[in-house]
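Residue 55 in the UniProt record's numbering sits at position 55 of the sequence shown, and the numbers go up by one each step. Notes follow the structure.
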Amino acid sequence: MLREAQFVDLSAIVDLYQQLTTEMATLAPDTYRPLATDNRQYFADYLQNDLARLFVTESQGKLTGFALVVLAQTSASPEFVPQHFAQLIDLFVIPDQRHRGLAKQLMAAVAAFAKSHQASFIQLNVLSANKTAREVYAKAGFEPVNLTLQKPLS
1 MLREAQFVDL
11 SAIVDLYQQL
21 TTEMATLAPD
31 TYRPLATDNR
41 QYFADYLQND
51 LARLFVTESQ
61 GKLTGFALVV
71 LAQTSASPEF
81 VPQHFAQLID
91 LFVIPDQRHR
101 GLAKQLMAAV
111 AAFAKSHQAS
121 FIQLNVLSAN
131 KTAREVYAKA
141 GFEPVNLTLQ
151 KPLS
């Protein structure tokens, strides 16, 4: 079942986020480390923000995934076109629930929220090493716009 998160979900969302950061640390250990602290206030702030939505998937009373989306806008400047868009901050589905369409459901909820607020597009960041996520996003219609390059100096 897909629904908007509630305050009662915060502990479970923190657990899911800790799993996400563990996976990110495995894929990019020079950039990420597993989050071991309780960051429920971070998510509580988004639950109270009218420009954000936190969606969860649930099965048999247990949260199986979440997506955090925030509306954003860029200012007009001489060289940039102003944009009103949605930023998909995080999306995670627990490993034993993957390949069941949950990420697709979460992305559909994110898209519906973005459209209901007249956003022009949804933007997200994904680790280049996360081949599975890149494939999921590509199937959902996401295309590369910018590429961040990095050169190690050691």
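C-beta atoms are modelled at their ideal positions from N, C-alpha and C, and glycine is treated no differently.
### Identity of the residues DSSP links to T57 by a beta bridge
Answer is L2, G65.
### Query
Does the ligand FAD have a heavy atom nearer than 6 Å to the CB of G65?
The ligand FAD is not part of the structure shown, which contains no ligands of any sort.
### Task
Could you spell out where the beta strand (DSSP E) holding D9 opens and where it closes?
Per DSSP, D9 belongs to no beta strand (DSSP E) and is neither H nor E.
### Residues bridged to A103 [DSSP beta-bridge criterion]
DSSP, once it has assigned bridges, lists no residue as partnering A103.
### Message
Buried or exposed for F55, going by 16 or more other Cβ atoms inside 10 Å?
### Response
It is buried - the Cβ of F55 has at least 16 other Cβ atoms within 10 Å.
### Task
Whole angstroms is fine: what's the gap from Q87's alpha carbon to A72's?
The alpha-carbon separation between Q87 and A72 amounts to approximately 7 Å.
### Residues bridged to L20 [DSSP beta-bridge criterion]
L20 pairs with nothing; no bridge assigned.
### Message
Measuring straight from C-alpha to C-alpha, what distance separates D30 and S116?
### Response
One C-alpha to the other measures close to 38 Å.
#### Entry: Nearest-angstrom beta carbon gap, Y32 and L68 [assumed within contact, 8 Å]
With 8 Å as the limit, L68 and Y32 do not qualify as a contact, their Cβ atoms being about 17 Å apart.
### Query
Going by Cα to Cα distance, which pick from T22, L124, A28 is closest to N146?
The residue with the shortest Cα to Cα distance from N146 is L124.
### Task
Would you list the one or two residues that DSSP bridges to H84?
Answer is Q73.
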